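Student: From first to last, the protein sequence lines stand for chains C and G. Throughout, the working numbering is defined as the position within the first sequence, counted from one, plus 1. Throughout, the working numbering is defined as the position within the second sequence, counted from one, plus 47.
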Amino acid sequence: MSEKIHTHIFDSVIVGAGGAGLMAALYASRSSNVAVISKLYPTRSHTGAAQGGIGAALGNLEEDHWEWHAYDTVKGSDFLADQDVVDILCREAVETVIELEHMGLPFDRTPEGKISQRRFGGHTNNETGQPVMRACHAADRTGHMILQTLYQQCIKNQVQFYDEYHVMDLIRIDDTIRGVVTVNIATGEYHIFHSKAVLIATGGWGRCWEVTSNAHSLTGDGAAICLRRGIPLEDMEFFQFHPTGIFRLGILLTEGVRGEGGVLVNDQGERFMERYAPTIKDLASRDVVSRAIYLEVQAGRGIGGNNYVHLDVRPETVNHYLKEAGEDRRIDAAYIEEKLPDIADFTRTYLGVDPVREPMPVQPTAHYAMGGIPTDLHGRVVLDGENTILDGLYAAGEVACVSVHGANRLGTNSLVDLVVFGRRAGLHMADYCLEADLLPLPDNAASSVVNEISRIRGNSGGVKSHQIRTDMQRTMTDNVGVFRTAETLAKAREVLENLAEQYESIEIDDKGKRFNTDLLEAWELGCLIELAQATTESALARFESRGAHARDDFTDRDDENWLKHTLCFKDGDSNRLDYKPVTLGRYEPKPRVY
Amino acid sequence: MRVELRIRRYNPEVKKKPWWGEYDVDDVNPNDSVLDVLHRVKWTIDGSLSMRRSCAHGVCGSDAMRINGTNALACKVLVGRLAKEGSEKVNIQIEPLLGLPVEKDLIVDMEPFFAHYRSAMPFFVNETPAPDDKRERRQTPEDRAKFDDTTKCILCAACTTSCPSFWANGRYVGPATIVQAHRFIFDSRDRAYQERLEILGQRFGVWRCRTIFNCTSACPRDIEVTRAIAEVKKALATGIV
Ligand SMILES: Cc1cc2nc3c(=O)[nH]c(=O)nc-3n(C[C@H](O)[C@H](O)[C@H](O)COP(=O)(O)OP(=O)(O)OC[C@H]3O[C@@H](n4cnc5c(N)ncnc54)[C@H](O)[C@@H]3O)c2cc1C
Ligand code: SF4
Ligand code: FES
């Protein structure tokens, strides 16, 4: 069956309209002709779900320096982050947050009218080791405000959007980029965007796991597409489990809850983080806190013996610990309603729990991909351990791995990453387009997408996507979770291989064209399985524990052998691993104590 | 518990006219959301059922629809809350939003809604130079509080599509557009309030609002929509913001 294929020509296309894609679009569109393509309406992007804050050493409430932010980031990363780019992240965070304010972002304000800041996990005064107020916030909907503000500015600047177009392939011929292949969701028709450059900003893939803070749409499409087109994925074994997801649902309760004074308690009413991180306690890095919760549950100290603990932000509890810490500050119920209105709404809606009166049941939830498409400091995608650049291809945001987060991301640093490296990538791409030629499209540029889609649509193997997805998510949660071992990882490998095989026999009910979400979900599942496999392979090979990669069979960090980034390639049906060195700088790796 | 669903289905590729699809789903946890139940139908009974969704916790605005006759986000309505006290069975009727063209099943054409939204300059305008110290423009917490409520809007369209004035005439910009404009009109840093007020003062602007309050009850973000509209009306009448 021959399909009609529409073609559009642009200097560049940006895939994804979350914080990273929109920031890039604002900059790239100043001097070049850009299309922003998104499978969701831009304002539905998951950046809008980010709650707690965006980190920048503004020093609005107490002394702070971007160098402190940089050290915290490197330490938080368990020394796997590249220190040259961490410096860029933390230095440019300051001017970029100010720029967001100038774009109209309605930050909360201090009494003097400055941007308000709060404490967040792992962010410290480097001299005292105590938590520092660095997270700039707009109540507990900071991401919503960033997404809205950037989208509003895009409207003002007449950026061209293609909403509800699903990108399915990257057109790469040898070492050149020619555009992307998409399906218009409303009509089911194929559209090729022919361009000099492509920027991938498709966000994360938390949906590989059963309990996650990520949207249904976070299926890692951009990462999987690149992997299929010969681009490696970096540090896939490092996936962050956020310690405080709502029990069973995974909906996030921001670290800002603890930043405002909330504490984690076990079944015995003990504030157990005092044992695991004596200095900053509940505000230790996320990997540390998630492991602590897991260990408490293992030791039978989960609430009522269940696999959750309590997050307690009742004013009396918070004030008790503030007093104990010798702080003058006290809070009341109104303060919580003002600073954490969405959190209060979530727990009331989904749990019937009023956080002002009762503690909230929480468990670790799959949250953030530290790894992803490797890039340099301009967002240019690199192809190998020698950092060879693939001209014309860019990546930014959660899907990219610059690497500023290393083995564990600090809270508030993703939003910084989006805007700092989104801007850099957008600027560089626009410059690139001034020089570069539009190379011709190959014949049948859309054929592999057309074939895959007709294969899925026509298949009658009887296997439902839902079945495979559920099995994959369970397997990943059980075996590639907060803790893993050679045994669990090998088990995951086996199950995933089997699921990948079953995936070939997937059968969908909807054979139509318009808004065929049955088909799109099946296609997305293919991406998830490949990313789950890349994660498992990368994790199996790393014989140490570092940041979010905690192995029960190799419990220590091993800088001698493993201070290096993993690169995972796809070779036919299997994965091949390579490594590249970490860029060190001012900070020598040392044991991580909080 | 058991959920008996009636879903308004439509797919012009299959049938010219809409129809009712009926689905029974057992073993539903009362704490499951309506979106969870729709997913159960889609994933285990009929994959062709189509709706938009993403975040699954009421922050992205994808899944506004009519649930038992009232607009709401499917992911924010828990099944147990729709059941009669003590009942093990619940009937739920689901339809697409009213007043926007239906594309397929629960998916409506959002373009008319977004076109209205864009018409009232939903973006920050201040071309005066930023402060000399290269820092933020200052704003007092009191000034910030004036438009806090309307910054919460997620553009889900639940308000606009529950408004009889909008049903009567789709050219009315609708409550969501006014909420979005309010967010800037009352922002002490913004400089374009007059232009926005002029737009909203026109024939299909705020004066179409008859203060029916449907929008306020429909808003899943608990925004006091009618109040925001009243504040804009007052600003228009008095010239003072
Ligand atoms: C609940 C929650 C709270 C968080 N809180 C914080 C916080 O307080 N501070 C912080 O720093 N970080 C936080 N994070 C992390 C941060 O929000 C995310 O990492 C970040 O927003 C990702 O942004 P992005 O632009 O990379 O992608 P997203 O915002 O996820 O956007 C992805 C975009 O890609 C598009 N897309 C995807 N696939 C395709 C395709 N195949 N074709 C076309 N388009 C496609 C989507 O439509 C979407 O527009 C939080 C994350 C979550 C889940
Ligand atoms: S005002 Fe409320 S109901 Fe209306 S679009 Fe915004 S969030 Fe939705
Ligand atoms: S799915 Fe995002 S609001 Fe319901």
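Idealized CB from N, CA, C, for every residue including glycine. Keep in mind that this is a model prediction, so the values were computed, not measured.
Kindly list, in the order they appear in chain G, the residues whose Cβ is closer than 7 Å to that of M237(C).
Tutor: Against the first sequence, residue 237(C) aligns to sequence position 236. Neighbours of M237(C) on chain G: none; closest Cβ ~24 Å, over 7 Å.
Student: Is it true that the segment 46-59 of chain C meets the segment 178-186 of chain C, where meeting means three or more beta-carbon pairs spaced less than 8 Å apart?
Tutor: Touching, no, given that fewer than three Cβ pairs across the two stretches are closer than 8 Å.
Student: Quick one: does N185(C) have its CB under 9 Å from some CB of chain G?
Tutor: As a first step, residue 185(C) is located in the first sequence; it is residue number 184 there, counting from the start. No, no contact with chain G.
Student: Indicate whether D333(C) and H566(C) have their beta-carbon atoms separated by less than 9 Å.
Tutor: Taking the first sequence and counting its residues from 1, the one referred to as residue 333(C) is at position 332. Taking the first sequence and counting its residues from 1, the one referred to as residue 566(C) is at position 565. No. Outside cutoff.
Student: Which residues, taken in chain order from the segment 96-114 of chain G, show a beta carbon closer than 9 Å to some beta carbon of chain C?
Tutor: Going along the segment 96-114 of chain G in chain order, one finds L96, S97, M98, R99, R100, S101, C102, A103, H104, G105, V106, C107, G108 and S109 with a Cβ nearer than 9 Å to chain C.
Student: Assuming W563(C) and E589(C) make a contact with CB atoms under 8 Å, what is their CB distance in whole Å?
Tutor: On the first sequence, position 562 is the one that residue 563(C) refers to. On the first sequence, position 588 is the one that residue 589(C) refers to. That belief does not hold up - the Cβ atoms of W563(C) and E589(C) are roughly 16 Å apart, past 8 Å.
Student: Between the C-alpha atoms of C102(G) and L254(C), what's the straight-line distance to the nearest angstrom?
Tutor: Counting from one through the second sequence, the residue named residue 102(G) turns up at place 55. Counting from one through the first sequence, the residue named residue 254(C) turns up at place 253. Roughly 14 Å between the two C-alpha positions.
Student: Leaving aside the five residues before and after M2(C) along the sequence, list all residues of the same chain whose C-beta is less than 6 Å from its C-beta, in chain order.
Tutor: Residue numbering aside, residue 2(C) sits at position 1 when the first sequence is read from its first letter. Low confidence applies here, because M2(C) scores a pLDDT of 49, under 50, leaving its location unreliable; read the following figure in that light. So no residue of the chain qualifies.
Student: Using 8 Å as the cut-off, can you tell me whether the segment 300-308 of chain C makes contact with the segment 285-292 of chain C, which would need three or more C-beta pairs spanning the two stretches below that distance?
Tutor: Contact fails: fewer than three Cβ-Cβ distances are below 8 Å.
Student: Let me see if you follow: with CB-CB separation under 9 Å, is N517(C) close to chain G or not?
Tutor: Within the first sequence, the letter at position 516 stands for residue 517(C). Yes, N517(C) lies at the interface with chain G (some Cβ there is under 9 Å from its Cβ).
Student: Does the distance from the CB of F77(C) to the CB of L411(C) come in under 9 Å?
Tutor: Position 76 of the first sequence, counting from 1, holds the residue named residue 77(C). Position 410 of the first sequence, counting from 1, holds the residue named residue 411(C). Looking at the sequence shown, residue 77(C) is not Phe but Gly. For G77(C) and L411(C), yes; Cβs fall inside 9 Å.
Student: Please classify H124(C) as buried or exposed, where buried requires at least 16 other C-beta atoms within 10 Å of its C-beta.
Tutor: Within the first sequence, the letter at position 123 stands for residue 124(C). By the neighbour-count rule (16 or more Cβ atoms within 10 Å), H124(C) is buried.
Student: Does the beta carbon of M361(C) sit closer than 9 Å to a beta carbon anywhere in chain G?
Tutor: Within the first sequence, the letter at position 360 stands for residue 361(C). No, no contact with chain G.
Student: Could you give the distance in angstroms between the alpha-carbon of E102(C) and the alpha-carbon of E183(G)?
Tutor: Counted from its first residue, the first sequence places residue 102(C) at position 101. Counted from its first residue, the second sequence places residue 183(G) at position 136. Cα to Cα, the separation comes out at about 6 Å.
Student: Taking 8 Å as the line, does the beta carbon of I530(C) fall inside it for any heavy atom of ligand 5?
Tutor: Although ligand 5 was asked about, the structure shown includes only ligand 1, ligand 2 and ligand 3 as ligands.
Student: Determine the direct distance from the alpha carbon of G482(C) to that of K193(G), and round the result to whole angstroms.
Tutor: Within the second sequence, numbered from 1, the residue matching residue 193(G) stands at position 146. Within the first sequence, numbered from 1, the residue matching residue 482(C) stands at position 481. Looking at the two C-alpha atoms, the distance is approximately 44 Å.
Student: Using alpha carbons as the reference points, say which of Q269(C), A426(C) and E317(C) lies closest to A26(C).
Tutor: In the first sequence, residue 26(C) corresponds to position 25, counting from 1. Checked all of Q269(C), A426(C) and E317(C); the closest Cα to A26(C) is A426(C).
Student: Can you tell which of W210(C), L419(C) and N414(C) has its C-alpha closest to the C-alpha of D479(C)?
Tutor: In the first sequence, the residue the question calls residue 479(C) occupies position 478. Taking only the C-alpha atoms, the option nearest D479(C) is W210(C).
Student: Taking 8 Å as the cut-off, does the segment 110-122 of chain C touch the segment 59-67 of chain G (at least 3 CB pairs, one atom from each stretch)?
Tutor: Too few Cβ pairs lie closer than 8 Å, so no.
Student: How many angstroms separate the CA atom of A277(G) from the CA atom of C200(G)?
Tutor: Translated into the one-based positions of the second sequence, residue 277(G) becomes position 230. Translated into the one-based positions of the second sequence, residue 200(G) becomes position 153. Rounded to whole angstroms, A277(G) to C200(G) spans 17 Å at the Cα level.
Student: For I281(C), which option in R259(C), T471(C), Q299(C) and V298(C) has the closest C-alpha, if you only look at C-alpha atoms?
Tutor: Looking up residue 281(C) in the first sequence gives position 280. Minimum Cα distance to I281(C) is reached at R259(C).
Student: Looking at chain C, is there any beta carbon in it that lies within less than 9 Å of the beta carbon of N261(G)?
Tutor: Taking the second sequence and counting its residues from 1, the one referred to as residue 261(G) is at position 214. It does not: the Cβ of N261(G) has no partner Cβ on chain C nearer than 9 Å.
Student: Which class does W67(G) belong to by DSSP, given the choice of helix, strand or coil?
Tutor: Within the second sequence, residue 67(G) is the residue found at index 20, counting from 1. W67(G) falls in the strand class under three-state DSSP.
Student: Taking the alpha-carbon of V168(C) as reference, which of T177(C), Q149(C), H550(C) and G189(C) has the nearest alpha-carbon?
Tutor: To locate residue 168(C), count along the first sequence from 1; it is residue 167. Of T177(C), Q149(C), H550(C) and G189(C), the residue nearest in Cα terms is G189(C).
Student: Looking at ligand 1, does it come within less than 8 Å of A300(C), judged from the CB to the closest heavy atom?
Tutor: Translated into positions along the first sequence, residue 300(C) becomes position 299. Result no, Cβ not under 8 Å from ligand 1.
Student: So with CB distances below 9 Å, who are the chain C contacts of L202(G)?
Tutor: Position 155 of the second sequence, counted from the first residue, corresponds to residue 202(G). Within chain C, the residues near L202(G) are Y42, T44, R45 and Q149.
Student: Which value, in whole angstroms, describes the spacing of the CA atoms of L597(C) and A71(C)?
Tutor: No statement about residue 597(C) is possible, as the shown extent of chain C runs from 2 to 595 and does not include it.
Student: Does the CB of F242(C) have a neighbour CB from chain G at under 9 Å?
Tutor: As a working note, residue 242(C) is residue 241 in the first sequence. So, not an interface residue.
Student: Determine the extent of the beta strand (DSSP E) in which A396(C) is found, giving its start and end residues.
Tutor: The sequence position of residue 396(C) within the first sequence is 395, counting from 1. Taken as a continuous stretch (DSSP letters only), the beta strand (DSSP E) holding A396(C) covers I390 to A396.
Student: Where in the segment 330-393 of chain C do unbroken runs of the alpha helix (DSSP H), each at least 4 residues long, occur, reported from the N-terminal end onward?
Tutor: Listed in chain order, the complete alpha helix (DSSP H) runs (minimum 4 residues) inside the segment 330-393 of chain C are 334-340 and 342-352.
Student: Under a criterion of Cβ closer than 7 Å to any non-hydrogen atom of ligand 2, which residues qualify, in chain order?
Tutor: Cβ-based neighbours of ligand 2 within the cut-off: G108(G), A111(G), K199(G), C200(G), I201(G), L202(G), C203(G), A204(G), A205(G), C206(G), T207(G), P222(G), A223(G), V226(G), C262(G), A265(G), C266(G), P267(G), R268(G), I270(G) and V272(G).
Student: Alpha carbon to alpha carbon, how far is E189(G) from S235(G)?
Tutor: Translated into the one-based positions of the second sequence, residue 189(G) becomes position 142. Translated into the one-based positions of the second sequence, residue 235(G) becomes position 188. Roughly 10 Å between the two C-alpha positions.
Student: Would you say I154(G) reaches chain C, if we count a Cβ-Cβ gap shorter than 9 Å as a contact?
Tutor: Numbered from its first residue, the second sequence carries residue 154(G) at position 107. So, interface residue.
Student: Report yes if the CB atom of T48(C) is closer than 9 Å to the CB atom of A82(C), and no otherwise.
Tutor: As a first step, residue 48(C) must be located in the first sequence, where it is residue number 47. As a first step, residue 82(C) must be located in the first sequence, where it is residue number 81. No, they are not a contact pair.
Student: What would DSSP say about A284(G), mapped onto helix, strand or coil?
Tutor: The count along the second sequence starts at 1 and reaches residue 284(G) at position 237. Three-state result, A284(G): helix.
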